[in-house]
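Asks:
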Amino acid sequence: MRLRINIKGKPYDIEISEEEGKIKIKVGGKEFSFGREEEEKTSIAKTSLPKRNFSKKEIKAPVTGVVSKIFVKEGEFVKSDQKVLILSAMKMENEIISENNGLVKEIRVKENQSVNIGDVLIVLK
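Under my numbering, the first residue of the sequence shown carries the number 3, and numbering increases by one thereafter.
(1) Pick out whichever of K28, E95 and G77 has its Cα sitting closest to the Cα of P13.
(2) Which two residues bound the contiguous beta strand (DSSP E) that contains D83?
(3) Could you please give the first and the last residue of the uninterrupted beta strand (DSSP E) stretch that includes P64?
(4) Report the residue from L89, K32 and L105 whose alpha carbon sits nearest the alpha carbon of I98.
(5) DSSP three-state label for K112, please.
(6) Find the nearest neighbour of S19 within the set V117, D121, V122 and E101, judged by alpha-carbon distance.
(7) Would you mind sorting K75 into buried or exposed? The rule is 16 or more other CB atoms within 10 Å of its CB.
(8) State whether the stretch 19-34 contacts the stretch 69-86, with contact taken as three or more CB pairs (one from each stretch) at a distance under 8 Å.
(9) By Cβ distance below 8 Å, which residues in the same chain neighbour V117 in space, the five residues on each side in sequence not counted?
(10) When you compare only the Cα positions, how much space is there between K59 and G77?
(11) Alpha carbons only, please: which of Q115, L105 and E113 is nearest the one belonging to S125?
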């Protein structure tokens, strides 16, 4: 999962993945890895990372927040790495990026709607 967040106007690209039972987070060229033991001790790993058992055709909320802006429409083709919406959380703007190419089959949220971590935002086909 790739995210772009803005903190005080400065953009940060973040990549989150799971490999061999470890959660890996890449920020600014640095990589952080959390295993089961570290995950239990580290609140960010426990509270902020969604489960990765979902279809690549679903774009889900990586954090709890409010949908600020939607950049795509149903029936529109999106490319991998294209910004599809802005999710505001904890005074930060999180750019939600599509990981795949595809047609927007369904947009399940509206602007100013609150969402929880893991909620499906957009479905691609």
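The C-beta atom is built at its ideal place from N, Cα and C for all residues, glycine as well. As the structure is a prediction and not an experimental result, all values here were calculated from the model.
Replies: The short version:
(1) For P13, the nearest C-alpha among the options comes from E95.
(2) Counting along the chain, D83 falls outside any beta strand (DSSP E), and DSSP gives it neither H nor E.
(3) Segment: none, P64 is in no beta strand (DSSP E) and carries neither H nor E.
(4) Comparing Cα positions, the closest option is L89.
(5) coil
(6) E101
(7) exposed
(8) no
(9) A63, T66, G67, V68, V69, L89, V111 and L123
(10) 14 Å
(11) Looking at the sequence provided, one finds Val at residue 125 rather than Ser. Comparing Cα positions, the closest option is L105.
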